[in-house]
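Protein chains in written order, with our numbering: chain A, -19 to 155; chain B, 15 to 264.
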Amino acid sequence: MKEKYIHILGIVLTLGYGGLVAFLYAAEPRSLEEFTTKARSAVENIATKGTVVIGTYEVDAAKFNEGLTAFREDRFPAARDAFERADPEKRDARTQFYIAYSFYRQGWGRVSNDDALFKLGVEAAERVRTLDPDFRTDDPGLQLKTPVELRTELEEGLAVTADDFNPLRVFRERK
Amino acid sequence: MAKLKERELETPVSPDEDTVEIPVSNDLPAVREALAAKQLARGRALRTYVYLPLIFLTVALLGGLRLSGTDGSLIFVRPALICLIFAAILVLLFFRAGMLRLEGWFSEQMTGTQTVANGLVLASLFAAATQIFNSLIPEQGLPFWIISFCFLWVLWNNLFAEFDPKRLLKSLGAMFGLAFVTKYMVLANLTAPGGRSWLRSLIENPAQEAATWLLDLPRFSAGTGYIQFFAVLMFLLGLFLTPSATSKDR
Chain A
-19 MKEKYIHILG IVLTLGYGGL VAFLYAAEPR SLEEFTTKAR SAVENIATKG
31 TVVIGTYEVD AAKFNEGLTA FREDRFPAAR DAFERADPEK RDARTQFYIA
81 YSFYRQGWGR VSNDDALFKL GVEAAERVRT LDPDFRTDDP GLQLKTPVEL
131 RTELEEGLAV TADDFNPLRV FRERK
Chain B
15 MAKLKERELE TPVSPDEDTV EIPVSNDLPA VREALAAKQL ARGRALRTYV
65 YLPLIFLTVA LLGGLRLSGT DGSLIFVRPA LICLIFAAIL VLLFFRAGML
115 RLEGWFSEQM TGTQTVANGL VLASLFAAAT QIFNSLIPEQ GLPFWIISFC
165 FLWVLWNNLF AEFDPKRLLK SLGAMFGLAF VTKYMVLANL TAPGGRSWLR
215 SLIENPAQEA ATWLLDLPRF SAGTGYIQFF AVLMFLLGLF LTPSATSKDR
């Protein structure tokens, strides 16, 4: 073997093995089984990032539909989980809008709202506005059509006003 | 060779035919010597560019590996900043003592791939040195500061001492050996075993429990000491195999 090939072999081996060592210290698996799981998720993550870099990133339609079904059946945590798996890079305005909306619907209460969920909803709605400022949903089941409307509704839900003590509030409907 | 010559002489060569001159060397010992030198160079290259990085990176992998005292699971301890500083001083010491020669590792005569390969070997040496300090310095508490100070003292003194590579290796062996005994024999024996209730530990091992609490000692499995023993040995072996230069003028 020529010395030059030995140099190349050395470079490849050092980079490969060094990468493995760095990965182990970054992922900190607690067992060999966990190492396999973490390695798989890291590979998937790299693959997704690769599709973003080369501009072929797409939302997983099957997972999105799964999330939509769960959303319409009021199973919001399951819906969010499916939406997050459909759009792991948080780059699709429509998916992120549904995530924000799921926080609103889950956190909405006839007497009082869940502030923690509403805050997460505000963050998600803001993300939609950043991704696509002109986004408008075509889903007839959603009364709040744009991220701005959704954000306003969420922020009104978070604020404490005199209107909160109006007993007629219990007759209002979720949007 | 003789048969070939006979055949060449027997076969008539036409004047139009192109002939190729084959140099026939009668100096067999010189040929053998050249072949042996080539094989030696190849062996050296394999050692420097393949085996050495593998040794050093294995040390880098094992140096931060601990086994939990409660369930034996793997714990990867990332090196503290001070380990990087000590490793940098150690590498500087290698150059000062002549164990590594800068012009022997990086020079204009080298090809690009050799320079990159040399850089990676030195990077793996640095990573291994960092992880060796990570392995030998206690993770936290008062022992961390005491042992770190001792390392700093020794390394700083060595920076200004006159060394040759052999003496440096012996000195490092002694320093690492002492640190290993302190951490994995003395301090490990002061640490109360994990996985027991606080009350039970206090009744069964009050002194160990008190020492663990006072010195803030982490509870690792006994297997950790064995792993680190091999890591230290491998690091010293790697240093022993490291050439001072990779260029031909060594």
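Just so it is clear, CB atoms sit at the ideal spot from N, CA and C, and this is done for glycine as well.
One or two residues paired with residue i in a DSSP bridge
i      : result
B:R268 : Nothing about residue 268 of chain B can be read from this structure; chain B reaches only from 15 to 264.
B:F234 : B:S82
Distance CB(residue i)-CB(residue j) smaller than 9 Å
i        : j      : result
B:V252   : B:V73  : It is Gly, not Val, that sits at residue 252 of chain B in the sequence shown. Result yes, Cβ atoms of B:G252 and B:V73 sit closer than 9 Å.
B:A143   : B:L114 : no
A:Y37    : A:R71  : yes
B:F70    : B:F243 : no
A:A59    : A:Y78  : yes
A:R74    : A:G121 : no
A:R152   : A:R90  : yes
A:A27    : A:F3   : no
B:T260   : B:T62  : yes
B:C164   : B:A193 : yes
A:H(-13) : B:A59  : yes
B:L98    : B:P157 : no
B:L134   : B:P67  : yes
B:I96    : B:I151 : yes
B:A245   : B:L81  : no
B:F90    : A:Y5   : yes
A:L(-11) : B:V64  : yes
A:L134   : A:F63  : no
B:G112   : B:F174 : no
A:E(-17) : B:Q128 : yes
B:L229   : B:G155 : yes
B:I241   : B:K197 : no
A:D144   : A:S92  : yes
Within chain B, the residues that residue i reaches when beta carbons sit closer than 7 Å
i     : result
A:T75 : Those within 7 Å of A:T75 in chain B number zero; the least Cβ separation is about 35 Å.
A:S11 : S87, L88
A:E8  : F90
Residue nearest to residue i in terms of C-alpha spacing, selected from the options
i      : options                        : result
A:P68  : A:A7, A:N45, A:V32             : A:V32
A:L130 : A:A66, A:F44, A:A80, A:T49     : A:A80
A:F44  : A:R10, A:E24, A:A66, A:F51     : A:A66
B:P207 : B:V64, B:S235, B:F254, B:I161  : B:S235
B:L247 : B:S258, B:M189, B:T205         : B:M189
B:R110 : B:N172, B:K184, B:E223         : B:N172
B:F254 : B:P220, B:L182, B:A224         : B:L182
B:T205 : B:D178, B:R233, B:I217         : B:R233
B:K180 : B:L81, B:A55, B:T125, B:S258   : B:S258
B:T256 : B:W159, B:N132, B:Q145, B:E223 : B:N132
B:K184 : B:M124, B:F108, B:V130, B:L136 : B:F108
A:R10  : B:F177, B:L79, B:P43, B:R46    : B:L79
A:P157 : A:E136, A:F98, A:T126          : Any answer about residue 157 of chain A is impossible in this case: the structure gives chain A only from -19 up to 155.
B:A94  : B:V130, B:I146, B:Y240         : B:I146
B:T84  : B:A225, B:S211, B:F120         : B:S211
A:L0   : B:L54, B:A48, B:S138, B:V45    : B:S138
Within chain A, partners of residue i - CB distance below 7 Å
i      : result
B:R92  : Y5
B:A245 : The premise fails here: B:A245 is roughly 13 Å from chain A at the closest Cβ pair, so nothing lies under 7 Å.
B:V130 : I(-9)
Chain-ordered neighbours of residue i on chain B, where CB pairs are closer than 9 Å
i       : result
A:G87   : Correct list: empty, because the minimum Cβ distance to chain B is about 38 Å.
A:G(-2) : P67, L71, A74, L134, A137, S138, A141
Chain-ordered neighbours of residue i on chain A, where CB pairs are closer than 8 Å
i      : result
B:T127 : K(-16), H(-13), I(-12), I(-9)
B:V64  : I(-14), L(-11), G(-10), L(-7)
B:G78  : Y5
Residue i: first and last residue of the uninterrupted alpha helix (DSSP H) it sits in
i      : result
A:T31  : 12 to 34
B:M189 : 179 to 195
B:F147 : 126 to 150
B:P43  : 42 to 60
B:W159 : 155 to 173
B:R115 : It is not in any alpha helix (DSSP H) - B:R115 carries neither H nor E in the DSSP assignment.
B:T260 : Taken as a continuous stretch (DSSP letters only), B:T260 belongs to no alpha helix (DSSP H), as it is neither H nor E.
A:F56  : 56 to 66
A:V108 : 95 to 111
A:S82  : 73 to 87
A:N45  : 41 to 52
Neighbour list for residue i in chain B, Cβ cutoff strictly below 8 Å
i    : result
A:V1 : L71, A74, L75, A141
Contact set between residue i and chain A, taken where Cβ atoms lie within less than 9 Å
i     : result
B:L60 : M(-19), I(-14), L(-11), G(-10)
B:R56 : M(-19), K(-18), E(-17), I(-14)
Residue i: CB within 8 Å of a non-hydrogen atom of the ligand NAP
i      : result
B:F108 : For the ligand NAP, the structure offers nothing, since it holds no ligand at all.
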